[in-house]
Amino acid sequence: MFEEKIVVITGAGSGIGRALAAELARAGARLALSDINRESLDQTLAMLPAGSNAKAYTLDVSSWAAFQAHADEVEHDFGTPHFVINNAGATVIGTVAHTSVEEYEWQLSINMWGVLYGTKAFLPKLLARRDGCIVNISSVFGLVAFPTQSAYNMSKFAVRGLTECLWQELEGTGVRAVCVHPGGIKTNIEKAGRRVKAAGLEETGFTVLAGKMLTTPPEDCAADIIRGLRKGRKRIITGNLSTTLFWLSRLFPNIYPKFIKALS
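Position 4 of the sequence shown, counting from 1, maps to 722 under the working numbering, and the rest follow consecutively.
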């Protein structure tokens, strides 16, 4: 399924993006890997199996102009991609009352606009060929809300909404869209995120829950995503507690917030 296929992965410098790059390289894919951090991206390249067909691109996903240029570069270097994995992301941790508008804008510029830009930059090319797949990485927090994560929740719910619209709009085009909801993946997103300083925040909420939840290796997450793509799934839920939280939110919408509070 992936042999000689062209795969674009944003946020490939660490975490899930790096694990996906390694998994797909082993499957024989041709990889266009991007990240805003060139040093981390070069480390990913160095970790790929010998003989991998991969190229690195420095990319700020929050820039529409940069993404348009990136799509043209990939087209020139590889051709039209078969899979576009919009994975790059970041997080802002803070209550609504203490998080500034600027912090919200920064969060959404990466997690929401970055995914939309990636979709818009490549989708016309996939539609013209009548073949391809857009894979948008949302989160378990695109399924359930959590205190101190309003900015992240907003961005990931937006990714989910965008992708579910694509499910319907792309019927009969030969192009499909997949929404991925990782949860509890052991990456550096929480440590690398912006944390709004407020009294008591360091000892409560997401900081505590992250220590309990972030235990699933990104390699396991990547394997789940690849497996889901092979099976043709529209929604892929991966990571410890993700499935539990998903079904709790669907079946017991008035109860799941109490469950989250108990976890934290």
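Think of the CB as a built atom: it goes at the ideal place given N, C-alpha and C, for glycine as much as any other residue.
query	result
Cβ pair count under 8 angstroms reaching 3, the region 739-754 against the region 876-888	no
Reduced DSSP secondary structure (H/G/I, E/B, other) of Gly946	helix
Alpha helix (DSSP H) segment containing Ser758, residue limits	Arg756 to Met765
Residue span of the beta strand (DSSP E) that contains Ser752, given as start and end	Arg748 to Asp753
Residues of its chain near Arg744, where Cβ-Cβ distance is below 7 angstroms and the 5 sequence neighbours each way are ignored	Pro767
Cβ-based neighbour list, Asp795, same chain, cut-off 8 angstroms, excluding 5 preceding and 5 following	Ala750 and Lys773
Cβ separation of Ile727 and Pro900, assumed to be a contact under 8 angstroms, to the nearest whole Å	That pair is no contact at about 14 angstroms.
Reference Leu759, options Ala806, Thr956 and Trp965, closest by Cα	Ala806
Ala772 in three-state terms, based on DSSP	strand
Three-state secondary structure assigned by DSSP to Asn829	helix
The region 851-864 contacting the region 812-825, beta-carbon criterion three pairs below 8 angstroms	no
Gly850 - containing beta strand (DSSP E), residue span	Gly850 to Ile855
For Gly892 and Lys909, the rounded distance between their alpha carbons	Residue placement at Lys909 cannot be trusted, given a pLDDT of 49 that sits under 50; what the coordinates show is reported in the next sentence. In a straight line, the C-alpha of Lys909 is about 39 angstroms away from that of Gly892.
First through last residue of the beta strand (DSSP E) which encompasses Asn804	Phe801 to Asn804
Own chain residues within Cβ distance below 8 angstroms of Ile828, not counting five before or after	Val779, Ser780, Ala806, Gly807, Ala808 and Ser873
Nearest-angstrom Cα separation, counted from Arg894 out to Ala917	Residue confidence is low: Ala917 scores 43 on pLDDT, short of 50, so the model does not pin down where it sits. Its coordinate-derived value is still stated next. Each residue's alpha carbon lies about 45 angstroms from the other.
Through-space distance from Met765 to Leu969, alpha-carbon basis	42 angstroms
Under 8 angstroms between C-beta atoms of Thr956 and Val896	no
Exposed unless 16 or more other CB atoms sit within 10 angstroms - verdict on Arg848	exposed
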